[in-house]
Amino acid sequence: MDETETSRVANGDPLILTRITVAPTPRRQLGETVSRTIIVMRLMGAYLIRVVIGKGVLKSRAIRLGVFACLVLFLLIATVLAIILTRDVANGATIRDLVLTINSLSSVVWTAVAFLIVKILMADAGTMMAITHHLPITNRERQRAVGVLDALATLIIVIIGMFTTSVSSLVNFGISAVPGLITCVVMPATATYATLELSHRCCDLALARTPFRRARQPILAVMFFLIVLALWQSMPTMLAAITSSPEPFTVWPLVFHDINLYYGSPATTGCFLALIVVSFLPVMVLPTSPLDIRHRFVMLPVVGLNASFFDTAPQFRALFRSRYTLQAALLSAGFVALLATRVAGPSSVWGVEPLTIGGFFQYATLAPSFRIFEPRLPASRFYLRLLAAQYALVAPMLVVAVLIDIFTNHPAHSTILATAGVCGSALITIGVGIFVPARDDNPLSILLGCAIVLTIGMALVVFCGILHLPAAASIGLGIACAALLITYSIVTISDQRKAAR
3 MDETETSRVA NGDPLILTRI TVAPTPRRQL GETVSRTIIV MRLMGAYLIR
53 VVIGKGVLKS RAIRLGVFAC LVLFLLIATV LAIILTRDVA NGATIRDLVL
103 TINSLSSVVW TAVAFLIVKI LMADAGTMMA ITHHLPITNR ERQRAVGVLD
153 ALATLIIVII GMFTTSVSSL VNFGISAVPG LITCVVMPAT ATYATLELSH
203 RCCDLALART PFRRARQPIL AVMFFLIVLA LWQSMPTMLA AITSSPEPFT
253 VWPLVFHDIN LYYGSPATTG CFLALIVVSF LPVMVLPTSP LDIRHRFVML
303 PVVGLNASFF DTAPQFRALF RSRYTLQAAL LSAGFVALLA TRVAGPSSVW
353 GVEPLTIGGF FQYATLAPSF RIFEPRLPAS RFYLRLLAAQ YALVAPMLVV
403 AVLIDIFTNH PAHSTILATA GVCGSALITI GVGIFVPARD DNPLSILLGC
453 AIVLTIGMAL VVFCGILHLP AAASIGLGIA CAALLITYSI VTISDQRKAA
503 R
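Mapping to the working numbering: the sequence shown position 301 is 303, numbers consecutive.
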């Protein structure tokens, strides 16, 4: 439109105002939407490389190679052990079908647990996605990019979790196991994810239109935790039904297996595609709730924490007033109460685990200010302050959970093990937050850091299992690993300060 036409529009010329404009075709709109979503994904990839990997310990190539070697070693050893343990019974179609149908339960559980973990962490992706606000994209396209990140993270977790059993089935049963893997592992896992994603989107939209809009993420976390817990509790019943040769279509994870068995591959493929379309089409069509950039802290009065309180007031205030801490405290209280009502269940102390989540964000929150106001503070003292604040937060609820175990006559060894696990988790979360700092509260750093720690931990567990170490030696190894974690955390803080200067 030239200058003359612009002035005619401003003056309200009817010839200009009634001119027919050609809207872009649906195919072109779809192509532009996909293109913009890919641009956001590429920007997130650059963010992952420059902020998540390039700012923590993973910027060292040696450490990246070491972590990759630990992951490969763990998967290799676990796969070899699974092949050896199942080779003696891999002698017929009946055993093959039994193994594959049992794997269907594992795939569903892995998918549900991975979905829950990723959704809890990606709930705070609004701060990370703020870097896309300067782009000419809609909120729906931004949300689709986050959905792709969700799906990729869940897929990676499920692949790692199911790698051992899937490869051992292929090695022991050969090419005949491929149809069973598709109908018993791939299809149930995909259907579970699609159903959970649709349910999450609908619940999110419903809560966004209620007075609980700002608290919808913790509410969704509790709701889907209860769903995953119910699924976990139903596993023994479904496993017993599978091993007792059930009637067809009575165990829902085996629905695609049963359709394939009685109606053939075309019917199975058609039902699977229909379910995917019915589940994912509403997700693509329904409006999306905005990715809120929420306040990091809650203005809670913290009495008695002044500058003379061992000079640790900033660490305590930052942790006690964090909204992550408030959400985690509510979750922990609910989990402790839930575990306390279960007879012959796990220790109530395990319910305190969510309260350690704040350790992921402590270092990234406090390090910039301390580099300015206390540049000469030793790294060891800074780390001990973080640790003291973390344990001071966990201690009250931990004591309550231990007392509940005592009053309910829970086995003492189980309580001691759970207490050690919670204390170790508090140590690990701070370490992960130091090794891979969660800048901008981004969940990618937490996922990557937890994957690194879990890989190393599982490699150590496999190592201890192969050597058949006694209990005393295992405890000594755990203490040595904790000491090494503390030492390396202090060294990493010192190195990052030098790099920042």
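Using N, Cα and C, we set each Cβ at its ideal position, and we do this for glycine too.
On a predicted model such as this, the values are computed, not experimentally measured, just so you know.
| Query | Result |
| --- | --- |
| Could you have a look at serine 349 and say whether DSSP puts it in helix, strand or coil? | coil |
| Can you name the start and end residues of the alpha helix (DSSP H) that tryptophan 234 belongs to? | 218 to 245 |
| Taking valine 434 as the reference, give the member of Ile359, Val464, Phe76, Tyr265 with the closest Cα. | Ile359 |
| Between the Cα of phenylalanine 258 and the Cα atoms of Trp234, Leu222, Pro190, Pro220, which residue gives the shortest distance? | Pro190 |
| Count the CB pairs spanning the region 65 to 77 and the region 148 to 156 that are closer than 8 Å, and state whether there are at least three. | no |
| Would a C-beta distance cut-off of 8 Å place valine 438 and leucine 60 closer than the cut-off? | yes |
| Look up proline 413 in the DSSP assignment and say whether it is helix, strand or coil. | coil |
| Is it buried or exposed, phenylalanine 70, if we count other Cβ atoms within 10 angstroms and call 16 or more buried? | exposed |
| So, alanine 394 versus serine 349, is the Cβ gap smaller than 8 Å? | no |
| Between Arg373, Leu368, Val82, Phe362, which lies nearest to arginine 319 when the distance is taken from Cα to Cα? | Leu368 |
| With distances taken Cα to Cα, identify the nearest neighbour of serine 371 among Ala422, Pro316, Leu341, Leu389. | Pro316 |
| Looking only at its own chain, which residues have a Cβ that is under 7 Å from the Cβ of serine 108, when we skip the five neighbours before and after it? | Met164, Thr167 |
| DSSP on leucine 379, reduced to helix/strand/coil? | coil |
| Could you check where the alpha helix (DSSP H) with cysteine 205 kicks off and where it finishes? | 189 to 210 |
| Here's the rule: buried if 16 or more other CB atoms are within 10 angstroms of the residue's CB, otherwise exposed. What is threonine 494? | buried |
| Helix, strand or coil: which one does DSSP assign to valine 11? | In this prediction, valine 11 has a pLDDT of 42, which is less than 50 and means its spatial position is unreliable; what the coordinates show is noted afterwards. Looking at valine 11 - three-state DSSP - the assignment turns out to be helix. |
| Expressed to the nearest angstrom, what Euclidean distance is found between the alpha-carbon atoms of cysteine 452 and methionine 124? | 14 Å |
| Can you tell me the Cα-Cα spacing of glycine 426 and alanine 484, whole angstroms? | 8 Å |
| Return the chain-ordered list of same chain residues with a C-beta closer than 7 Å to the C-beta of glycine 361, the five sequence neighbours on each side being excluded. | Gln392, Ala428, Thr431, Ile432, Gly435 |
| Just mark threonine 252 as buried or exposed, buried being the case when its beta carbon has 16 or more other beta carbons within 10 Å. | exposed |
| Determine the DSSP secondary structure at arginine 344, reduced to helix, strand or coil. | coil |
| Which of the three DSSP states, helix, strand or coil, is assigned to glycine 336? | helix |
| Locate the alpha helix (DSSP H) running through tyrosine 465, then write down its first and last residues. | The question names tyrosine, yet the displayed sequence has phenylalanine at residue 465. Segment 445 to 469, the alpha helix (DSSP H) holding phenylalanine 465. |
| Going by beta-carbon coordinates alone, are valine 42 and threonine 134 separated by less than 8 Å? | yes |
| Where does glycine 182 land, buried or exposed, given buried means 16+ other C-beta within 10 angstroms? | buried |
| For leucine 137, which three-state DSSP category applies? | coil |
| Which ranges does the alpha helix (DSSP H) cover as unbroken runs of at least 4 residues, wholly within the region 54 to 78, from first to last along the chain? | none |
| Look at the alpha carbon of valine 282 and the alpha carbon of alanine 276, and state the distance between them as a whole number of angstroms. | A small correction: the amino acid at residue 282 is phenylalanine; valine does not occupy that position in the sequence shown. Between phenylalanine 282 and alanine 276, the C-alpha separation is close to 10 Å. |
| Over what stretch of residues does the alpha helix (DSSP H) that includes threonine 271 continue unbroken? | 267 to 287 |
| Would a C-beta distance cut-off of 8 Å place cysteine 205 and leucine 256 closer than the cut-off? | no |
| Within a Cβ cutoff of 8 Å, which residues of the same chain sit near leucine 471, ignoring the five residues on either side of it in sequence? | Leu479 |
| If you reduce the DSSP assignment to three classes, tell me which class glutamate 249 lands in. | coil |
| Alpha carbon to alpha carbon, what distance is there between tryptophan 234 and tryptophan 112? | 10 Å |
| For phenylalanine 384, name the three-state secondary structure that DSSP assigns. | helix |
| Please name the residue in Arg44, Ala269, Leu231, Pro413 whose C-alpha comes closest to that of alanine 116. | Leu231 |
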